[in-house]
Amino acid sequence: MKSKFALKAIVLVLAGAGLVFVGYWFGTQR
Numbered sequence: 001m002k003s004k005f006a007l008k009a010i011v012l013v014l015a016g017a018g019l020v021f022v023g024y025w026f027g028t029q030r
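Under the UniProt record's numbering, the first residue of the sequence shown is numbered 1, with each subsequent residue one higher.
Rendered as structure tokens:
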């Protein structure tokens, strides 16, 4: 159960970082 929670937390962090990176990249492309 704990590992499942950790996996979900890691996925959320990676998704958030990816969104921030993509948003920053699009912001610099204009």
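From the three backbone atoms N, C-alpha and C, an ideal C-beta is built for every residue, glycine too.
Compute the Euclidean distance between the alpha carbons of residue i and residue j, then round it to the nearest angstrom.
i: Lys8; j: Val20; result: 18 Å
i: Gly23; j: Lys4; result: 28 Å
i: Gly27; j: Val13; result: 21 Å
i: Ile10; j: Gln29; result: 28 Å
i: Ala15; j: Lys2; result: 20 Å
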